[in-house]
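There are 2 protein chains.
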Amino acid sequence: MKPRQYSCGLDAAIDVIGGRWKALILWALHAGPLRTGALRRSVDGISEKMLIQVLREMEADEIVHREVFHEVPPRVEYSLTPLGVRLNEALVPLGDWGEDNMRAIARRRGVEPAPTH
Amino acid sequence: MKPRQYSCGLDAAIDVIGGRWKALILWALHAGPLRTGALRRSVDGISEKMLIQVLREMEADEIVHREVFHEVPPRVEYSLTPLGVRLNEALVPLGDWGEDNMRAIARRRGVEPAPTH
DNA sequence: CTGGATCCTTACCAAAAAGTGGGTACCTGA
DNA sequence: TCAGGTACCCACTTTTTGGTAAGGATCCAG
Chain A
1 MKPRQYSCGL DAAIDVIGGR WKALILWALH AGPLRTGALR RSVDGISEKM
51 LIQVLREMEA DEIVHREVFH EVPPRVEYSL TPLGVRLNEA LVPLGDWGED
101 NMRAIARRRG VEPAPTH
Chain F
1 MKPRQYSCGL DAAIDVIGGR WKALILWALH AGPLRTGALR RSVDGISEKM
51 LIQVLREMEA DEIVHREVFH EVPPRVEYSL TPLGVRLNEA LVPLGDWGED
101 NMRAIARRRG VEPAPTH
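Residue numbers (the UniProt record's numbering), protein chains in the order written: chain A, 1 to 117; chain F, 1 to 117.
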């Protein structure tokens, strides 16, 4: 549901990373560029369809860069733009908060906590 | 779409603040407790129904505290829990990122940028 | 009685997001 | 030909989130 006007920076940012998969994809790319297949394996539970759909959206938002290599088998590589890198940096405290409170969040929502690493 | 297992802290956090309204409500409460009506006026565009629905979810997630004052007219006050305070702190960098990139985000998504303050 | 204050619930619908299944393209090798 | 590799698209369905409208409760004042 797109607001007609953002009320603040947080409103805009939430719009960019909203949905189930975007933040996870962003994080999967933080260590470096990945091809479609590698990305899919990095993001547990995502379907190829959703992966490609969401990557296209992120590309349109210019937080992700998509590079096509003309070779066979086809090879497409996704990487963070500088904007995406800064977004990922901004997401670190949020990820930490989630980590710190993982067990409680998971319990309240009836979800398994993330494996410890 | 609830994951059966969180993959990391960020996954859990995104689950907690997901949707159009939660982050905005969290932010509205950062300066102090607010009654339902005041909250509704603080969060542009939200309907009473959505406000109450989302507040109930946030209460269940224990990021928001709901206090009923037995008086007339009825008065219910919402405030951040310590967990909610820390979540708000974790959202600051994300809000800053959104502010820094407001015009570009708004343009790409066909939304009006937030008024400058 | 009606109108006002406050807060909340329900029924139903709309819109958006996510998912499933089928298919396509480029090729190579057996 | 079939099987494998890679990446992607489309049609349709399901699920989730958000929205509208109507109703309710507690009271007080005119």
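All C-beta atoms, glycine included, are put in the ideal place defined by N, C-alpha and C.
- In chain A, no part has a C-beta under 7 Å from the C-beta of F:V54; the shortest such distance is about 13 Å.
- Within the DSSP bridge table, the entry for F:Y78 names F:L34 and F:R66 as partners.
- For A:E57, DSSP records no beta bridge to any residue.
- Chain order gives the chain A residues near F:S7 as L24, D44 and A114, where near means a beta carbon separation below 7 Å.
- Distance from the CA atom of F:I17 to the CA atom of A:G110, rounded to whole angstroms, is 16 Å.
- Looking at the backbone, the Cα of A:S47 and that of A:E57 are separated by about 15 Å.
- DSSP places F:V16 inside the alpha helix (DSSP H), whose first and last residues are G9 to I17.
- For the pair A:L55 and A:V43, the Cα-to-Cα distance works out to about 12 Å.
- By the CB criterion at 7 Å, F:S7 and A:A23 fall outside the cutoff.
- Going by DSSP, A:W21 is part of no alpha helix (DSSP H) at all; its letter is neither H nor E.
- Residue contact check for A:G37 against chain F: no CB pair falls below 7 Å.
- When C-beta atoms of the stretch 86-103 of chain A are compared with those of the stretch 81-93 of chain F, three or more pairs fall below 8 Å, so the two segments count as touching.
- Contact of F:M102 with chain A is assigned, a C-beta pair being separated by under 7 Å.
- With fewer than 16 other Cβ atoms from the protein chains shown falling within 10 Å of its own Cβ, F:V68 counts as exposed.
- Annotation: the continuous alpha helix (DSSP H) that includes F:R107 extends over M102 to R109.
- Taking each of A:T36, A:E62 and A:P3 in turn and checking the Cα distance to F:G45, the smallest one comes out for A:P3.
- Here the C-alpha atom of A:I52 lies approximately 9 Å from the C-alpha atom of A:R40.
- For A:E89, the three-state secondary structure derived from DSSP is helix.
- Here F:E48 carries a helix assignment [DSSP, helix/strand/coil].
- Residue pairing by DSSP places A:E112 opposite F:Q5 in a beta bridge.
- Taking the C-beta atoms as reference points, F:L83 is found nearer than 7 Å to F:E62.
- When the alpha-carbon of A:E59 is set against those of A:T81, A:A38, A:P74 and A:P73, the nearest one is in A:T81.
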